[in-house]
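Heads up, the sequence shown is in the numbering used here, so the first residue is 25 and it goes up one at a time.
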Amino acid sequence: MFQAMGVHGPTLSPVASMFLDAGLVAIAFLLLAKPSKRPIANMLFFASLILSVSLLRIVMQPLPNIQPVTVAALLVGAQLGARRGAAFALLVTMISNFFIGNGWWTLFQAAGWASIAVFGSRLNLITSEGLNMRRAILASAFAALWFDLVASLSILDGTIGFGEFLIYLGHGLPFDLLHMVGNLAFVVWLGAWFVGLLEQETTLDEVEFAVVNSHAIDG
25 MFQAMGVHGP TLSPVASMFL DAGLVAIAFL LLAKPSKRPI ANMLFFASLI
75 LSVSLLRIVM QPLPNIQPVT VAALLVGAQL GARRGAAFAL LVTMISNFFI
125 GNGWWTLFQA AGWASIAVFG SRLNLITSEG LNMRRAILAS AFAALWFDLV
175 ASLSILDGTI GFGEFLIYLG HGLPFDLLHM VGNLAFVVWL GAWFVGLLEQ
225 ETTLDEVEFA VVNSHAIDG
């Protein structure tokens with residue numbers, strides 16, 4: 025299963041990577057399979073959004089710990105709900121890591137970004153007036169630290185003690201700060217635009233309203 029120890033934890037054999045990716049796809053499918061009547065255009069938009077953010081992460085990989093997925097997951101969760109936000113995070117992680125490098129850490133990165141999408145769905149970041157910039161800035165700063173902590177758990181393979189793990193976290197603090205600065209730049213410069221883009225997708229409330237109405241009509 026494990027082939028070698030990388031910077032972020034054990035790398036996986038091709039077979040193990042295949043099973044990991046299949047598991048992430050299956051979970052994303054279950055999250056997106058909630059009964060609803062979504063137009064094909066909405067489904068295509070969501071797919072293009074996943075591919076675009078995946079490509080952006082791949083292109084920006086040479087920059088040290090600049091993670092555009094973090095703010096994207098936060099705002100997708102805020103606008104489209106926890107289920108679609110988490111599915112977005114899982115699929116972006118899987119697709120981008122296929123090119124960047126797949127390993128045990130993929131599971132932890134996916135969990136970190138999916139949890140951020142869930143947090144975003146609970147923070148009331150988007151109001152009738154648009155993106156609440158103050159809340160979005162605070163949330164994006166916290167999201168950087170949270171994601172880096174969750175992703176760092178991938179290094180715990182049974183051979184690293186608690187003290188060594190703390191040292192590992194300490195060495196990563198400069199990269200955590202870079203992640204936070206990148207998040208703040210993304211949310212300030214592109215946050216409102218990205219939320220406006222997401223308005224093309226059916227929101228969680230609209231999906232639930234459509235489902236309730238369709239059941240009422242069928243009954």
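Glycine included, C-beta positions come from ideal geometry on N, C-alpha and C. Being a predicted model, the structure only gives us computed values, none of them experimental.
On the premise that residue j lies in contact with residue i, defined as a C-beta separation below 8 Å, what is that separation, rounded to the nearest angstrom?
| i | j | result |
| --- | --- | --- |
| residue 117 | residue 133 | 5 Å |
| residue 12 | residue 140 | This structure gives no information on residue 12, because the portion of the chain shown stretches from 25 to 243. |
| residue 199 | residue 66 | Wrong, their Cβ atoms sit about 36 Å apart, outside the cutoff. |
| residue 180 | residue 189 | 6 Å |
| residue 206 | residue 91 | 6 Å |
Take the Cβ of residue i as the centre, count every other Cβ of all protein chains shown within 10 Å, and call the residue buried at 16 or more, exposed below.
| i | result |
| --- | --- |
| residue 224 | exposed |
| residue 195 | exposed |
| residue 242 | Because the pLDDT of residue 242 is 42, which lies under 50, any placement of that residue in the model is unreliable, and the number read from its coordinates should be weighed accordingly. Residue 242 should be labelled exposed. |
| residue 137 | buried |
| residue 167 | buried |
| residue 154 | exposed |
Using DSSP with H/G/I as helix, E/B as strand and the rest coil, what is residue i?
| i | result |
| --- | --- |
| residue 90 | coil |
| residue 27 | Low confidence applies to residue 27: its pLDDT is 43, below 50, so where it sits in the model is not reliable enough to give any reading. |
| residue 74 | helix |
| residue 127 | strand |
| residue 155 | strand |
| residue 184 | coil |
Can you name, in chain order, every residue of its own chain whose Cβ lies under 8 Å from the Cβ of residue i, other than the five neighbours on each side?
| i | result |
| --- | --- |
| residue 135 | 174 |
Less than 7 Å between C-beta atoms, sequence neighbours within five positions excluded: which residues of the same chain meet that for residue i?
| i | result |
| --- | --- |
| residue 208 | 161, 164 and 165 |
Just to confirm, is the Cβ distance from residue i to residue j under 8 Å?
| i | j | result |
| --- | --- | --- |
| residue 100 | residue 107 | no |
| residue 52 | residue 115 | yes |
| residue 147 | residue 159 | yes |
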